Each structure stands twice: as C-alpha cells, then as structure tokens.
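Trainee: Handing you this structure, nothing more for now.
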Amino acid sequence: MMMRLLRLCAGLLIATLAAGCAQTKTVDYSAFKQSRPRTIVVLPPLNESPDVKATYGMLSQVTYPLAEAGYYVVPVALMDETFRLNGLTTPGDIHQVSPQKLREIFGADAALYVTVSQYGTSYMVFSSATVVTAGAKLVDLKSGATLWTGSASASSEEGNVNAGGLIGMLISAAVHQIVSSVQDDAAYPVAGIAGQRLLSAGRNSGLLYGPRSPKYGTD
Amino acid sequence: MATALMPRRWLAAAGTIACVAALTGCSSHKTLYQWESYQSQVYEYFKGESPKEAQIEELERDLQKIKAANGAVPPGYHAQLGLLYSSLGRDDQMVQQFQTEKALFPESATYMDFLLKNAKKEGKQ
C-alpha cells in the first residue's frame, strides 16, 4: 500500500517537475521583461455591471495579489482621494489622465486599468449565484506600451455540486436567498477571489513576479 | 522476514512524506506580508459608513499584532493610517505615517513627498 503510494507520488512529482511549477506560458512577455515595473498604480475600475459597489469593492481587493506578486502598490484609498481633490471623481475621467501625470504624482512605473463586467447576485428559480468578472490591462507609464492583459472570473457557486435532488435544491435555494439578502456585500469576497485569479503572479498567462518577490526574475 | 520488512516500510513512508512535501512546495502559501485587516479597512473607508476613529483603532490594533509577530507591514498600510489621521485633522500623526510608509517602501517616495509638500502648504495658509 505504502509502496504504491510512493510510486504514485514519485510519478506525480516527475510530471510536475517536467511541467514546471508554473504552467507553460503562451503570452509574449518581452515588453513586460524589458519594462521591469516596480510600482503599480491601480486606477479605480470602470464598472459595466449594474451594481454601484463594483468599483470600490474591486479596488479594495487588488492590493493583496499585486503586493504578494512583488510590486509596490500605490495606496488605493489615498490615490482615490488625490483624484477627488483634483476634481476627478469617476473612473471614466480618471482613466483619461495622462501617463506622464500618473508617473509624476504617484511615482508609478506602470498603471493597471481594470474593468468590472460582472458584479453581484443573479437570482434563478432554484439557486442564486454571486459572480464577479474583471479584465485588466497593465500599461508602462514611460513608453505607453501595453505590458500585459488578462481577465478572470469567480462565482459563489463554484464546486457547489447539488446532489440532494429536488428537495435539496429547494432548501439550498432558500438558504442562499437568505444569505444573499442579508449580505448586502455578497460580491465583495467573490471579488477577492476574482482579484487573486486576475493578478497573482506565477499563474498561466498571469503577471510576472515583481522585484519584491524572492521569485523575481525566475519567470 | 518480518524484521526485514519493517525498515522498508518506514523508508517508503518517509519517501512518501518527502515526496508530498516536494509536491506541495509548488503552491507554498507563505505570504510576503502580514495583511490582517488592511484590505477590509480600505473597503470600510470607501463605504464611509463606520467612523474614521474606529477604522484607525482597528488598523492600529492590527499593527501591534504585526509587530508582535515580527511580520512585514503591507504596502499602503501606513499610508492608509496617514489618510485617516489627516481626515481628522491630526496632521502630526499623518506626517509620521507618510514618513513611515516612505521608509518601508522607498518606491513610494515621489507620492509621499507630494502629499507631505501639499500638507505643508496647507498648514502655512
């Protein structure tokens, strides 16, 4: 039994080593590697969803994955306040600010332009799902070149396989209804997962590691 | 025969453990920073429902936790505290927080200097 386990594990290990910890990448990273950004300013996301909370729900969730990837992230609330003091209050206006200005004020090497396309809960007959979907573009603030683009999605119903038949479905739908109506912020934690999928380094087609990560330069 | 089997079993067990450890090493979950409530406090700030004093209290309390654990303070943490102190007119503490952010993250120098300069200007007027 133990020997069989060992053999299985050794096989898996060889397969993993052969594939490398990070999966194969198909994206062209040459501009990214040349740019070597250290500091990223994440502008307040554009919101295409009907939920007004999307912009700031998403913006509150981006610092973790980017900083853990090894970048300095311009403090998001402070940045928003700086724009406000200068009369810029909507993501649409802020996304129009010139790269030179962003570099001058925030000292950022690159800007991340995020668009949220889905944010919130949709109610169906037997269940409801809270879904967050976002896309992002990383732009070099010196050259204006696009360094990377990506998109990701997360749902509250992932892995929620319903095996309880019709009764189980009805109960589950009722429970979800209650949870969703109580939790006005149901999308916020889902945005956290979407944000990590979108902006963590070391993922297939994901961002490269930044200078503050011990894995910098390994990808 | 039985005695010869034992060590082999142990070896297999040890091998299995080492192998699993090597496999899970790929997805190591040790973080660079100790986050505590930073992101949820940023969200609180944006929502604007809870008083700024309460937000400061949470962040300062968590800062003690990070220090006690010898953890690394995340980027933006001290800047957020600076923003909160500034909104309450506690400018000395604001300056102190912005300077701490700058000391921990020299990448923030351009922005922190910009904010400190503006604060000074306002103070003089």
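Protein sequences, first through last, are from chains U and R. Take my numbering: the final residue in the first sequence is number 219, and no numbers are missing along the way. Take my numbering: the final residue in the second sequence is number 344, and no numbers are missing along the way. A virtual CB, placed ideally from N, CA and C, is assigned to each residue, including glycine. Quantities reported herein were computed from a predicted structural model and do not represent experimental measurements.
Can you tell me which residues form a DSSP beta bridge with tryptophan 148/U?
Mentor: Partner(s): Leu138/U.
Trainee: With 8 Å set as the bound, which would you pick, yes or no: does the beta-carbon of tyrosine 113/U sit closer than that to a beta-carbon of chain R?
Mentor: No, because no Cβ of chain R sits closer than 8 Å to the Cβ of tyrosine 113/U.
Trainee: Using 8 Å as the limit for Cβ to Cβ distance, is valine 314/R near chain U?
Mentor: Valine 314/R does not count as touching chain U.
Trainee: Let me know the secondary structure DSSP gives serine 306/R once reduced to three states.
Mentor: It is helical.
Trainee: Determine the chain U residues that contact tyrosine 304/R at a beta-carbon separation under 8 Å, and present them in chain order.
Mentor: Ordered by position in chain U, no residue passes the 8 Å Cβ test against tyrosine 304/R, which lies about 12 Å from the chain.
Trainee: State buried or exposed for serine 35/U, treating a residue as buried only when at least 16 other CB atoms are found within 10 Å of its CB.
Mentor: With 16 or more other Cβ atoms within 10 Å, it is buried.
Trainee: Leaving out five residues before and five after alanine 154/U in sequence, what residues of the same chain have Cβ atoms less than 6 Å from its Cβ?
Mentor: Around alanine 154/U: Val132, Val190, Ile193, Ala194.
Trainee: According to DSSP, is tyrosine 72/U part of a helix, a strand, or is it coil?
Mentor: Three-state result, tyrosine 72/U: strand.
Trainee: With a threshold of 8 Å between beta-carbons, can threonine 63/U be considered close to chain R, or not?
Mentor: Answer yes: the Cβ-Cβ gap between threonine 63/U and chain R drops below 8 Å somewhere.
Trainee: How about tyrosine 71/U and glycine 210/U: do their beta carbons lie closer than 8 Å?
Mentor: Cβ distance < 8 Å, so tyrosine 71/U and glycine 210/U count as in contact.
Trainee: For the alpha helix (DSSP H) that threonine 55/U lies in, which residues bound it at each end?
Mentor: Taken as a continuous stretch (DSSP letters only), the alpha helix (DSSP H) holding threonine 55/U covers 54-59.
Trainee: Alanine 186/U to glutamine 61/U, Cα distance in whole Å?
Mentor: Spanning the two alpha carbons is a distance of roughly 14 Å.
Trainee: Would DSSP call glutamine 118/U helix, strand or coil?
Mentor: Reduced to three states, the DSSP call for glutamine 118/U is strand.
Trainee: So, does the segment 116-129 of chain U touch the segment 40-53 of chain U, judging by three or more C-beta pairs under 8 Å?
Mentor: The segment 116-129 of chain U, when compared against the segment 40-53 of chain U, does touch it at the 8 Å Cβ threshold.
Trainee: If we cut at 8 Å on Cβ distances, does valine 341/R have a partner in chain U?
Mentor: One point to set straight first is that residue 341/R is glutamate, not valine, in the sequence displayed. Chain U contact via Cβ: absent.
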